[in-house]
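Colleague:
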Amino acid sequence: MNKTIANEIEDLREKIRKYDYNYYVLDTPLVSDQEYDQLMNKLESLEQANPQLITADSPTQRVGGTPLAKFNPVIHQVPLLSLANAFGEQDLKDWHRRIVSAVGEKVEYVVEPKIDGLSIALTYEMGNFAIGATRGDGEVGEDITLNLKTINNLPLKLTAPIPKLIVRGEAYLPKEEFARINSEKEELGEPLFANPRNAAAGSLRQLDPKVAAARRLRIFVYALLDQEGMPVDSHEESLVELAKLGFPVNKERKLCQSIEEVAAYCAQWIDKRHQLPFEIDGMVVKVNSLAQQQQLGYTAKSPRWAVAFKFPADQGESTIEDIFVRVGRTGVVTPTAVLTPVQLAGTTVSRATLHNQDFINEKDIKIGDKVIVQKAGDIIPEVVRVLTEKRDGSERPYQIPAVCPECGSPVGRQEGEAAFRCTGATCPAQAREGIIHFVSRNAMDIEGLGPQVVAQLIDGGLIKDAADLYQLTTQQLVGLERMGAKSSENLVNAIGRSKSRGLSQLLFALGIRHVGAGAAKALAKRFTSMDKLMTADFDEIESIPDIGPKIAASIKAFFENNNNVDLITRLKASGVGMEETIAKDYEANVQLLRNKTFVVTGTLPTLSRKEASDLIEVNGGKVASSVSKNTDYLLAGEKAGSKLTKAQELGINIITEKELFSLLEN
Ligand code: IVH
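Structural data, given as structure tokens:
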């Protein structure tokens with residue numbers, strides 16, 4: 213085998229693993245995103261050209277294959293137990309007394325955050341990730357290996373080839389990601405996740421690994437369940453060793469010499485937890501010495517050597533003073549409660565989303581009601597229940613208005629949807645929210661252009677839509693609130709830089725219904741330019757893997773609307789790039805079809821032969837006019853003639869248009 217290519221591939225993998233570890237585990241990026249993407253693209257293209265060199269631990273293999281039909285059961289080699297609870301300091305002290313009397317000597321404890329996520333067990337063989345499972349009933353869990361592989365801070369290969377290792381940890385969603393997923397769901401009128409824990413479980417129990425990959429899950433590892441070749445004497449030592457192997461372990465832990473120290477550390481986190489980027493629902497206290505742990509043993513359900521210190525529920529009482537509606541970019545009208553301010557999870561809460569009319573009806577919420585509020589996932593304030601016993605008869609029922617408060621258009625509800633929507637085509641609220649989406653991070657990523665600035669620009673008559681942004685001058689901006697000469701200049705520069713984000717980000721930014729970041733990428737990759745997408749017909753769009761009829765119809769409808777076409781024309785005139793820069797990257801780096809020679813023949817279902825040739829070439833392939841033994845693929849459509857016969861004679865790979873698209877899917 214070609215030794216140098218194999219070496220090059222392994223070097224790239226090593227580099228990417230190092231960068232992943234620094235980025236996702238240590239939070240200290242070593243290289244720019246661009247540099248990282250280039251390495252990844254290069255690795256992908258080398259593997260594509262040498263499929264026999266692909267290994268399961270390659271960083272390219274995080275999002276695996278086709279959806280599963282079901283999850284297979286996994287029998288845990290070491291049962292996954294749960295923990296006994298301690299509520300308050302007295303419980304902790306009682307537990308400590310039992311420990312001391314059982315071991316009869318000094319005890320050291322490790323105190324660590326209790327992550328609110330989904331409990332998982334990870335098995336590594338010779339340092340390679342082999343099986344990942346849910347806890348299930350503690351004896352038998354489900355095999356969710358493919359989903360877990362998509363989690364960026366889960367090491368696929370450890371830094372040492374330990375013969376066998378089983379670790380336990382928690383998969384969780386960072387608070388910010390939970391909020392993002394729920395606001396996306398709200399905008400689409402889908403039911404929300406109640407908390408990050410449900411969202412993590414929901415994401416990992418999806419049969420299609422692509423779903424899990426799109427939810428930026430993370431893990432923490434907090435227990436060594438079994439090992440061969442990694443002897444340790446204490447829990448703390450095992451965590452240090454696990455960290456050295458590349459696992460993310462929680463830094464917010466403390467080795468304590470007394471139960472008073474334990475109690476103080478637990479108490480400290482009751483408030484401090486709100487500053488963490490992930491949700492915790494308590495602290496776990498563990499006896500540090502493994503010898504002492506063994507001496508203490510287990511009850512039927514839980515280890516005697518560990519206990520969960522549970523935080524008091526962070527709820528508060530408030531009054532619903534009023535209810536108003538917010539109108540989102542797709543017109544969804546969301547009722548929001550104005551609350552008497554209450555301290556919750558470290559902040560003052562004075563608003564809570566009421567989601568939709570069904571939520572209001574089910575909870576029987578009225579204006580004037582006294583209610584219990586809490587923060588879902590520590591971030592989103594929500595009404596838990598109404599204190600109906602405190603009603604005095606002055607409370608008023610609420611119904612979402614029949615007309616949009618911002619534009620006066622009728623508000624309606626579609627069959628089977630919980631959400632009410634404003635039907636106004638020129639609703640200013642929709643326009644404003646649309647611009648806020650356009651400039652957001654995953655879209656055109658214009659730094660310094662937050663919701664307040666957008667609102668000011670609209671109110672000041674400086675912009676009406678996204679295309680107007682590209683005409684703004686520093687002189688115009690200087691007049692705005694909190695906008696000096698320097699920040700105006702920065703903003704104009706940031707707007708300028710966004711012109712080269714490329715087609716996929718632009719498509720996402722346009723906010724076409726049902727076109728999320730993933731669909732936008734698939735479209736950009738396949739069509740490579742806005743013009744081609746705009747003139748594509750329904751079947752061409754629908755033939756792309758991952759794009760269903762609903763998305764295809766929505767795209768067609770979007771481009772049939774003259775206002776949208778006009779917006780795109782103006783964006784183009786301002787110099788906003790309408791081509792896929794990723795496709796250009798392919799030319800330079802990925803070249804999925806590099807060194808592959810194609811011949812195109814017959815009538816293809818959606819592409820013309822010229823378009824197919826362009827697509828092949830943009831991805832690094834060559835297109836020849838006649839079939840020879842040097843041809844790698846014959847792309848054949850209907851009524852293919854002599855070229856097909858010749859290819860069959862020579863045993864050349866004959867592929868359909870759909871198979872060509874699959875070659876470009878990576
Ligand atoms: S130790 C035998 N440590 O809490 C070891 N558990 O209520 C038992 N959890 O099911 C687990 N963070 O999913 C441990 N730092 C941590 C934890 C933790 C979260 C979860 C775990 C368990 C549940 C028990």
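Heads up: take any position in the sequence shown, counting from 1, add 212, and you land on our numbering.
Built from N, CA and C at the ideal position, the CB exists for glycine as well.
These figures come from a predicted structure and were not determined experimentally.
(1) Could you check where the alpha helix (DSSP H) with Ile591 kicks off and where it finishes?
(2) Check Ile658 in the structure and name its three-state DSSP category.
(3) Just the C-alpha distance for Ile343 and Ile356, rounded to the nearest angstrom, thanks.
(4) Do the stretch 381-397 and the stretch 412-429 touch if we need at least three Cβ pairs shorter than 8 Å?
(5) Assuming Asn500 and Tyr321 are in contact, meaning their beta carbons sit under 8 Å apart, how far apart are those beta carbons, in whole angstroms?
(6) With burial defined as no fewer than 16 other Cβ atoms inside 10 Å of the residue's Cβ, what is the status of Lys484: buried or exposed?
(7) Would the C-beta of Leu292 count as close to the ligand IVH, meaning under 8 Å from any of its heavy atoms?
(8) Could you name each continuous beta strand (DSSP E) segment of 3 residues or more that falls completely within the stretch 447-494, going from the start of the chain to the end?
(9) Hey, could you find the ends of the beta strand (DSSP E) Ser530 is sitting in?
(10) Under 6 Å Cβ to Cβ from Ile780, same chain only, skipping five residues before and after it: list those, please.
(11) For Ile287, is the classification buried or exposed, using 16 other Cβ atoms within 10 angstroms of its Cβ as the cut-off for buried?
(12) Since Val666 and Arg644 should fall inside the 8 Å C-beta cutoff, what is the C-beta to C-beta distance between them, to a whole number of angstroms?
(13) Taking C-alpha atoms, which residue in Ile482, Gly624, Gln555, Asp526 lies nearest to Asn568?
(14) Between which two residues does the beta strand (DSSP E) carrying Ser415 extend?
(15) Relative to the ligand IVH, is the shortest distance from any of its heavy atoms to the C-beta of Arg625 smaller than 8 Å?
(16) Taking 8 Å as the cut-off, is the C-beta of Phe299 nearer than that to any heavy atom in the ligand IVH?
(17) Which of the three DSSP states, helix, strand or coil, is assigned to Leu689?
(18) Just how far apart, CA to CA, sit Leu293 and Gln487?
(19) Going by CA-CA distance only, name the one from Glu259, Glu354, Glu402, Ser700 that's closest to Gln418.
(20) Quick one: is Leu599 buried, meaning 16 or more other Cβ sit within 10 Å of its Cβ, or exposed?
(21) With a cut-off of 9 Å, does the C-beta of Gly789 fall near any C-beta of chain C?
(22) I need the DSSP call for Glu256, collapsed to helix, strand or coil.
(23) Over what stretch of residues does the beta strand (DSSP E) that includes Thr272 continue unbroken?
(24) At what residues does the alpha helix (DSSP H) containing Gln504 begin and finish?
(25) Going by DSSP in three states, Gly624 sits in which element: helix, strand or coil?
(26) State the beta-bridge partners of Thr815 as determined by DSSP.
(27) Quick one: complete alpha helix (DSSP H) runs, 4+ long, within the stretch 332-393?
(28) Could you check if Glu399 is buried or exposed, using at least 16 other CB atoms within 10 Å of its CB as the buried criterion?
(29) Between Gly620, Pro553, Leu370, Gly316, which has its C-alpha nearest Pro593's C-alpha?
(30) What does Glu324 pair with, by DSSP beta-bridge criteria?
(31) Given the structure, does Lys498 come close to the ligand COA, in the sense that its CB is under 8 Å from one of the ligand's heavy atoms?
(32) Per DSSP, which one or two residues make a beta bridge with Cys634?
(33) Once you ignore the five residues that flank Leu280 on each side, which residues in its own chain have a CB closer than 6 Å to its CB?
(34) By how many angstroms is the C-alpha of Lys230 removed from the C-alpha of Ala879?
(35) Mapping DSSP to helix, strand and coil, what is Ser294?
(36) Ile228: beta carbon under 8 Å from a heavy atom of the ligand IVH?
Modeller: With the structure as the only source:
(1) Taken as a continuous stretch (DSSP letters only), Ile591 belongs to no alpha helix (DSSP H), as it is neither H nor E.
(2) DSSP places Ile658 in coil when its eight states are reduced to three.
(3) The alpha-carbon atoms of Ile343 and Ile356 are separated by roughly 8 Å.
(4) Counting Cβ pairs under 8 Å, three or more are found: they touch.
(5) The distance from the Cβ of Asn500 to that of Tyr321 is about 6 Å, consistent with a contact at the 8 Å cut-off.
(6) Exposed, since its Cβ has fewer than 16 Cβ neighbours within 10 Å.
(7) Leu292: yes, Cβ under 8 Å from the ligand IVH.
(8) Counting only runs of 3 or more residues that sit fully inside the stretch 447-494, the beta strand (DSSP E) segments are 466-468, in chain order.
(9) Annotation for Ser530: the continuous beta strand (DSSP E) segment containing it runs 527-539.
(10) Contacts found: none.
(11) Ile287 comes out exposed.
(12) Contact flag correct, Cβ pair sits at about 6 Å.
(13) Checked all of Ile482, Gly624, Gln555, Asp526; the closest Cα to Asn568 is Gly624.
(14) Where Ser415 is concerned, there is no enclosing beta strand (DSSP E), although the alpha helix (DSSP H) it sits in stretches over 408-416.
(15) No.
(16) Residue side-chain check: Phe299 keeps its Cβ at 8 Å or more from all non-hydrogen atoms of the ligand IVH.
(17) In the structure shown, Leu689 sits in a helix (DSSP, three-state: H, G or I).
(18) Their backbone Cα atoms lie some 29 Å apart in a straight line.
(19) Ranking the options by Cα distance to Gln418, first place goes to Glu354.
(20) Label assigned to Leu599: exposed.
(21) Looking at the structure shown, chain C is missing, and only one protein chain is on hand.
(22) Helix, per DSSP.
(23) Secondary structure note for Thr272: it is in no beta strand (DSSP E), with a DSSP letter that is neither H nor E.
(24) Element bounds for Gln504: 502-508.
(25) It is a strand residue.
(26) Glu850, per the DSSP bridge assignment.
(27) The stretch 332-393 contains these whole alpha helix (DSSP H) runs: 357-361.
(28) Buried, by the Cβ-count rule.
(29) It is Pro553.
(30) Glu324 is bridged by DSSP to Val496.
(31) Although the ligand COA was asked about, the structure shown includes only the ligand IVH as ligands.
(32) Paired residue(s): Val623.
(33) These residues qualify, in order along the chain: Leu419.
(34) The chain is shown only over 213 to 878; residue 879 falls outside these bounds and no answer can be derived.
(35) Of the three classes helix, strand and coil, the one that applies to Ser294 here is coil, per DSSP.
(36) No, since every heavy atom of the ligand IVH falls outside the 8 Å radius drawn around the Cβ of Ile228.
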